[in-house]
Every structure is written in structure tokens, then in C-alpha cells.
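Order-wise, the sequence lines are chains A and B. Residues 425 to 653 (the numbering used here) are what the first sequence spells out, left to right. Residues 293 to 520 (the numbering used here) are what the second sequence spells out, left to right. Down below is the structure, laid out as C-alpha cells.
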Amino acid sequence: MTADFGERPERGPLNRQELARLVASDISPGSYVNLGIGRPTAVAEYLDVEDGITIHTENGMLGMGRIADEHERDEDLINAGKVPVTEHPGASYFHHADSFAMIRGGHLDLCVLGAYQVSRCGDLANWHKGEPDAIPAVGGAMDLAVGAREVFVMMSLFTASGESKIVPRCTCPLTGRRCVTRVYTDFAVFHIGPGGVAVRETYGITLGALESRLDVDLTPVPLMKPAAG
Amino acid sequence: MRSVSVSTPDDAVAEVENGSTVLVGGFGPAGQPFELLDALCRQGARELTIVSNNAGSGDSGLAALLAAGQVGRVICSFPRQADSWVFDRLYRAGRVELEVVPQGTLAERLRAAGAGIGAFYCPTGAGTLLARGKESRVIDGRDHVLEFPIHGDVALIKAARADTVGNLVYRKTARNFAPVMAAAARRTVVQVGSLGEVGSIDPEAVVTPGIYVDCVVPVGDQAQRVIA
């Protein structure tokens, strides 16, 4: 283990707010970012306006602001989760084909998505649990997975029954192949690359204990934070 | 310039035939043409194929059309929502077919229809369940899936304002699929909050040019509906 590896067994695992704050601190100033429905939405609360980060929502807007207050609610101004939001100065609106051209065309620096599973090579499963009676619904997840320059995943590391969601191979239907570059979880932050899965930090668990609960090989990486972090 | 026809909701949808493919604008409630959908319920055309991002929520709009038994097939990206009980019930009863399409591919297939594109290779969905049975090809080292256009017999959309030659402007995220649907259908019907004289919209601000619009239906102030 390297000296600056971020192992923090003495504290508890990250709660949702701490996780959102950690992801926000890793987003480079000036980025164009899409935040998925669910956990990733909370990241917006921790982004500093001064950093010039622009939020894209796939239903046709750049420069999305915070969730609307009661008196600001407008049915024509909603986010991808259909929640009323506000607009930042400099915002723009565009139609759906342009919005997804922006995504697939590689113009978004980053998207942050939730997931059911991530494989050791960065395959993402987040749209369908594979249950035979489920009604399939994909939304924009597959477009974001193939289009954004980087894909961060935010999720709890373990299922309710204690199984790791980082897996050798996804058993849930795939959203995209080899697209995830980082996974932020309550117990650890992982970087995924050609060399496999590397652990950057742990929370409430030692690296050894983490390795024993995951069915993939792990390597520690030196703690790397962007300058603004 | 050619003037568009100005109509009531009922007259605008009177000629929708059984078995038509109807492109319905909107992303959730934003941009959904509720007044035109209500008129289509009254008109009663059946065995419709609906192309829209969602498959209705609550009991109004698209959900009401589904509940009336007028829809045989839905092509959409995201049918499952907390309040999509009408679609859920019909789907589980085997009374409506579903084709799920990734949202960007749905938009691009509509765009392709309006732009005269025969088909296109798209990386979205490659290697997933949604690419099954589709032709694929490696381009620049990356898997792509062949996707075909979606043409509509009629498009029902909503805009904020129109002029008498059919130029349209939208409001905020209510724009969503409307511009690509307007171009993808043989006949496009637009419900609008207000209808102005020709020249009342700055040509630089026109989002959908009137060439794509056949019929405008003024429905009065339709913005700022309070949502739950």
C-alpha cells in the first residue's frame, strides 16, 4: 500500500450527503456535466457556482439551476426526473435531437449515474434488473453511457443482502460496455481503467476487509485529487 | 406565404384514422398537448401507435387515451413512472405492445424521418438487449447499431406561440421533442397559447419554421399549470 492511499477504517461509511459532496469536489471547474436521476441529483447541491460548472439536463437545457421553490414551480421547466427546477443566467434551451447530439457527440465532460452493477472492466448495468415481469424503461441512460467523455457511478457498494455491486461480470442487462471510469460508493472510491479496478479511498473499512468482500482483484492507487479539491 | 389552418381541438383531430401512428410531444407534463389528446379521446380513433417519450402519467392526457383503449402500441423511452398506472395495467394485461427505444435514439429516429435519412448507425445500445436483432457494424473501432426513422401520420405537439404562417416558438423545457416531431409527420397539429399575426415573431427567434406546420389550435393560456 502506498503511503498516501486514503484508508479510513476509523470512521463510518459515507452517507448520501457526504458521497454527493465527494463527487462534487472531484468535478473539474468549467465542466459540462449531466447528473442522473436519484443519488447523482444531490451532487448539484455541492457544486460551487464560482467554478463555472454547467449542468445539462437531457430534456433540453444547459445551465440548469437548483430545484424550484414552491412559488417558482413552472410545469414548462423541469429536470430529467420531471422535478421543477430553475435556470441559471446564461442558460439555453434546445430540442431533444440536439440535446442527445450533444451527449453522443462527446461534448459533455462528465455524467454521473446510479447503477445496479458495475463490472471490473467498466461495464454498466443501471436500467433493468432483468426480472421477467419488469416493465423495461431506459430513458437516456444508454446514450449518456456511450456519449459522455467520462462516466462516474454513485451507488451503495453492497445490496441489501450484502452482495457487492462491483462484479466480475454484470448479471443484470447492460446499459453500456466499458464506459465507467470511476465508482463512488459509501465504503470506497474506485477508479476503473485498462489495469482493472483500483481503490482510491476507503471509508469505515480496511482495504483488506474490502478485498475479502469483493470478487474482483483490487489495487490501491495513490490519493489523487484535482487541484480544486 | 401560405397560411396554416386555424382550428378547434376537435376539428384538428377529426380525420385521424384507426391504425395511425401519432407522434405526441412532451416530456412528462412539459410540452404534452393535453387539449389535443382530450380531443383525440372524444374522436375515438383506435389501434393507434403512439410515439412519445413516456407512456402517460396520472389519468389525463396520454394516460386517458390509453385508458380509453385507443392505443395498440407504444414506442417510447421511459414508460415506467411512479404514476404510470394506466400503462402498467394495460401492459401487464397484454393489451398494449411496447417498443422501448433509448431516448436519444428515439429523438434521432424522428429527426431522420423529417430529414429524409434512410437509416443511421448509432453507438447507443450496442451490445445490449435493445440491439438484439439489429444490424451492427464497427466504425472507427466502435460498435454501432443500425437504426431506422420513425415517420408519423400525424404529430400532436404544443408550442407557446405561433403566427398565422405556422412559425413556432416554445417555452423552456416544454420544447423537447416537438421540433423533430413536427418535421417527422405527414400532418402536424400544434396547440398554442397564443396566435399572432404574420410577422409577429422575430424571424431570428423562430424555432420551428411554418413549413412543418399544418394546423394551429389556440387553446389560451396553457403555461404555469400548477404541478404536484
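For glycine and all other residues, C-beta sits at the position ideal for the given N, C-alpha and C.
Is there at least one Cβ from chain B nearer than 9 angstroms to residue i's Cβ?
i              : result
S543 (chain A) : no
H480 (chain A) : no
H531 (chain A) : no
R573 (chain A) : no
I559 (chain A) : yes
P433 (chain A) : no
T643 (chain A) : no
L501 (chain A) : yes
E524 (chain A) : Here residue 524 (chain A) is Phe; the residue named in the question, Glu, does not match the sequence. Yes, F524 (chain A) counts as interfacial toward chain B.
H512 (chain A) : no
For the beta strand (DSSP E) holding residue i, just list the boundary residues, first then last.
i              : result
H520 (chain A) : No beta strand (DSSP E) holds H520 (chain A); the alpha helix (DSSP H) holding it covers H520 to R528.
R365 (chain B) : V363 to C368
S516 (chain A) : V509 to Y517
D445 (chain B) : G444 to D455
Q373 (chain B) : That residue, Q373 (chain B), is in no beta strand (DSSP E); it is neither H nor E in DSSP.
D435 (chain B) : R434 to E439
Can you tell which of the options has its C-alpha closest to the C-alpha of residue i?
i              : options                           : result
N483 (chain A) : A:G530, A:A492, A:E431 and A:I502 : A:I502
D432 (chain B) : B:P510, B:R424 and B:Y413         : B:Y413
L638 (chain A) : A:L486, A:V542 and A:F518         : A:V542
L512 (chain A) : A:T478, A:F524 and A:G530         : With the sequence shown as reference, residue 512 (chain A) is identified as His, and Leu is not the correct amino acid for it. Looking at the Cα atoms, A:T478 is the closest of the given residues.
G530 (chain A) : A:P556, A:V457 and A:G586         : A:V457
V484 (chain B) : B:L357, B:V508, B:L448 and B:L402 : B:V508
P301 (chain B) : B:E489, B:A497, B:V505 and B:L328 : B:L328
S312 (chain B) : B:G348, B:D445 and B:G361         : B:D445
R384 (chain B) : B:P371, B:T480, B:A477 and B:G491 : B:P371
V316 (chain B) : B:R463, B:H443, B:S295 and B:D380 : B:H443
V482 (chain B) : B:P495, B:G491 and B:A466         : B:A466
D513 (chain B) : B:G491, B:D303, B:A451 and B:E489 : B:A451
A374 (chain B) : B:A399, B:G348 and B:G396         : B:G348
R657 (chain A) : A:V621, A:R445 and A:L459         : The requested residue 657 (chain A) does not occur in the structure, where chain A is confined to residues 425 to 653.
V378 (chain B) : B:E439, B:Q395, B:G353 and B:A399 : B:G353
Compare the C-beta of residue i against all C-beta atoms of chain A and say whether one is closer than 9 angstroms.
i              : result
R467 (chain B) : yes
A515 (chain B) : Confidence in A515 (chain B) is poor, its pLDDT being 48 and thus under 50, which makes the residue's placement unreliable; the coordinate value appears in the next sentence. Yes, A515 (chain B) counts as interfacial toward chain A.
A447 (chain B) : no
N521 (chain B) : Residue 521 (chain B) is absent from the structure shown; chain B starts at 293 and stops at 520.
V518 (chain B) : Low confidence applies to V518 (chain B): its pLDDT is 40, below 50, so where it sits in the model is not reliable enough to give any reading.
P501 (chain B) : no
Q395 (chain B) : yes
A360 (chain B) : no
E400 (chain B) : yes
D380 (chain B) : yes
A451 (chain B) : no
G323 (chain B) : yes
Y504 (chain B) : no
R334 (chain B) : no
Q483 (chain B) : no
V472 (chain B) : yes
V511 (chain B) : no
V392 (chain B) : yes
N345 (chain B) : yes
Let's see if you can read the secondary structure: which residues bound the alpha helix (DSSP H) around residue i?
i              : result
V378 (chain B) : W377 to R384
P301 (chain B) : P301 to A304
D567 (chain A) : A565 to G571
R440 (chain A) : R440 to S449
Q395 (chain B) : Q395 to A407
A475 (chain B) : A470 to A476
What residues of chain A sit near residue i, judged by a beta carbon separation below 7 angstroms?
i              : result
I419 (chain B) : A small fix is needed here, since residue 419 (chain B) is Gly in this sequence, not Ile. Going along chain A in sequence order, the residues near G419 (chain B) (Cβ under 7 angstroms) are L598 and R601.
T416 (chain B) : R528, M566, D567 and V570
G320 (chain B) : I502 and K506
R522 (chain B) : Look at the range of chain B in this structure, 293 to 520, and you will see that residue 522 (chain B) is not part of it.
V298 (chain B) : Simply none; closest approach about 23 angstroms.
Y383 (chain B) : I559
Under 9 angstroms Cβ-Cβ, which residues of chain B neighbour residue i?
i              : result
G617 (chain A) : Residues of chain B passing the Cβ test: none, with the nearest at roughly 18 angstroms.
Residue i touches chain A at which residues, Cβ-Cβ below 9 angstroms?
i              : result
F370 (chain B) : A561, V562, G563 and G564
Would you mind telling me which residues of chain B sit closer than 7 angstroms to residue i, beta carbon to beta carbon, in chain order?
i              : result
Y517 (chain A) : K464, T465 and R467
G484 (chain A) : T465, R467 and N468
Starting from the beta carbon of residue i, find every residue of chain A whose beta carbon is closer than 8 angstroms, and list them in chain order.
i              : result
L328 (chain B) : Neighbours of L328 (chain B) on chain A: none; closest Cβ ~16 angstroms, over 8 angstroms.
L422 (chain B) : V562 and M566
**Study point:** Validate contact between the segment 533 to 540 of chain A and the segment 487 to 503 of chain A using beta carbons, cut 8 angstroms, 3 pairs
**Key:** no
request  = Could you say if the segment 318 to 329 of chain B and the segment 498 to 518 of chain A meet the contact criterion of at least three C-beta pairs nearer than 8 angstroms?
outcome  = yes
Could you tell me whether the segment 385 to 392 of chain B touches the segment 441 to 457 of chain B, where touching means 3 or more Cβ pairs closer than 8 angstroms? no
* Asked: Any contact of the segment 554 to 573 of chain A with the segment 408 to 424 of chain B, i.e. 3+ C-beta pairs under 8 angstroms?
  -> yes
The segment 597 to 604 of chain A / the segment 439 to 458 of chain A touching (three or more Cβ pairs under 8 angstroms):
no
* **Sufficient close CB pairs (3 or more, under 8 angstroms) joining the segment 579 to 596 of chain A to the segment 518 to 525 of chain A** => no
Quick one: any contact between the segment 353 to 370 of chain B and the segment 335 to 342 of chain B, if contact means 3 or more CB pairs under 8 angstroms? yes
Next on the checklist: With a threshold of 8 angstroms, are at least 3 pairs of Cβ atoms found where one atom belongs to the segment 398 to 406 of chain B and the other to the segment 473 to 489 of chain B?
Outcome noted: yes
### Task
Count the C-beta pairs between the segment 572 to 584 of chain A and the segment 606 to 622 of chain A that are closer than 8 angstroms, then say yes if the count reaches three, no if not.
yes
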